[in-house]
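Taking our numbering, the leading residue of the sequence shown gets 303, the next gets one more, and so forth.
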Amino acid sequence: MRRISDAWSLSPSPFPRSLIAGPFLLALAICLLPTVAAAQGVLVVIDPEQRVPLPRPIWPHPHPHPRPVPQPPVSYKIKELSVQARLMDQVARVQVSQSFVNTGSRQMEVSFVFPLPYDGAIDQLTLLVDGKEYPAKLLPAKEARRTYESIVRKNRDPALLEWIGTGMFQTSVFPVPPGAERTVSLRYAQLCRKDQGLTDFLFPLSTAKYTSHPVEKGEIRV
303 MRRISDAWSL
313 SPSPFPRSLI
323 AGPFLLALAI
333 CLLPTVAAAQ
343 GVLVVIDPEQ
353 RVPLPRPIWP
363 HPHPHPRPVP
373 QPPVSYKIKE
383 LSVQARLMDQ
393 VARVQVSQSF
403 VNTGSRQMEV
413 SFVFPLPYDG
423 AIDQLTLLVD
433 GKEYPAKLLP
443 AKEARRTYES
453 IVRKNRDPAL
463 LEWIGTGMFQ
473 TSVFPVPPGA
483 ERTVSLRYAQ
493 LCRKDQGLTD
503 FLFPLSTAKY
513 TSHPVEKGEI
523 RV
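Printed below as a string of structure tokens:
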């Protein structure tokens, strides 16, 4: 027997738009170009107008400086998400495919970040972006916690701590031009817990709340 923990129902029907605050421990770390500040983590953008004040000389006839024109916000939406898992005894082989669209007017430099499932022994990780394999760095739990806490300190958002799991991995940076779509495919094998003849398959849900649009289409099949 098997049971699903902390996940949606197994119906392949699309998620309702009301689930904008719900799913996916999947994220993008955004680095703005061009900007004086960089945001690391889960689409938490540091306001480019928040600059460190520098000492200025006092001129005899000071002239007012024009205020900088604020840059348009960086935003993206999850166009499609597909999760397929095959359970054999206690081993779950999971494939995640997710399409992102840059809905802003500026190019985003992004790094795909995936917090690992709780109590999951991961023995394989493969990441493809539009069919191209990208190197990924696997972070142990302590380093992942430091990364998340750094996000919290910079952005003063304690809610981000809910992301902390047993570890995470992230890719190198790749560009997403305005209006462009990028598809990320992830495959991994996970050793599930078994209790009294029941196998627990855990797919954590959390992070669509950090996107600027509802998820358009998605399915989970086990």
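Just so you know, even glycine gets a beta-carbon here, dropped at the ideal spot from N, CA and C.
Nearest-angstrom Cβ-Cβ length linking residue i and residue j, presumed shorter than 8 Å
| i | j | result |
| --- | --- | --- |
| Q397 | C494 | Not confirmed; about 16 Å, so no contact. |
| M410 | V478 | 5 Å |
Short Cβ contact (8 Å threshold) for residue i with residue j
| i | j | result |
| --- | --- | --- |
| K381 | F414 | no |
| V524 | F503 | yes |
| V385 | F505 | yes |
| D432 | R395 | no |
Buried or exposed by the 16-neighbour rule on C-beta atoms within 10 Å, applied to residue i
| i | result |
| --- | --- |
| G520 | buried |
| L383 | buried |
| Q498 | exposed |
| A482 | exposed |
| G406 | buried |
| R448 | exposed |
Which listed residue (the options) has its alpha carbon closest to that of residue i
| i | options | result |
| --- | --- | --- |
| L430 | R408, L488 and I522 | L488 |
| I522 | Q400, E435 and P479 | Q400 |
| R388 | Y378, V412 and Y490 | Y490 |
| P480 | M390, V385, V412 and R395 | V412 |
| R408 | S377, T485, K496 and V524 | S377 |
heavy atom of the ligand GDP below 7 Å from residue i C-beta
| i | result |
| --- | --- |
| N404 | The ligand content of the structure shown is nil, which means the ligand GDP is not present either. |
Interface flag, residue i vs chain B, CB-CB below 8 Å
| i | result |
| --- | --- |
| I380 | Although the question refers to chain B, the structure presented lacks it and comprises just one protein chain. |
Original post:
Going along the chain, which unbroken runs of the beta strand (DSSP E) with 3 or more residues stay wholly within the stretch 375-423?
Top reply: Taken in chain order, the complete beta strand (DSSP E) segments of 3 or more residues contained in the stretch 375-423 are 378-390, 393-404 and 410-417.
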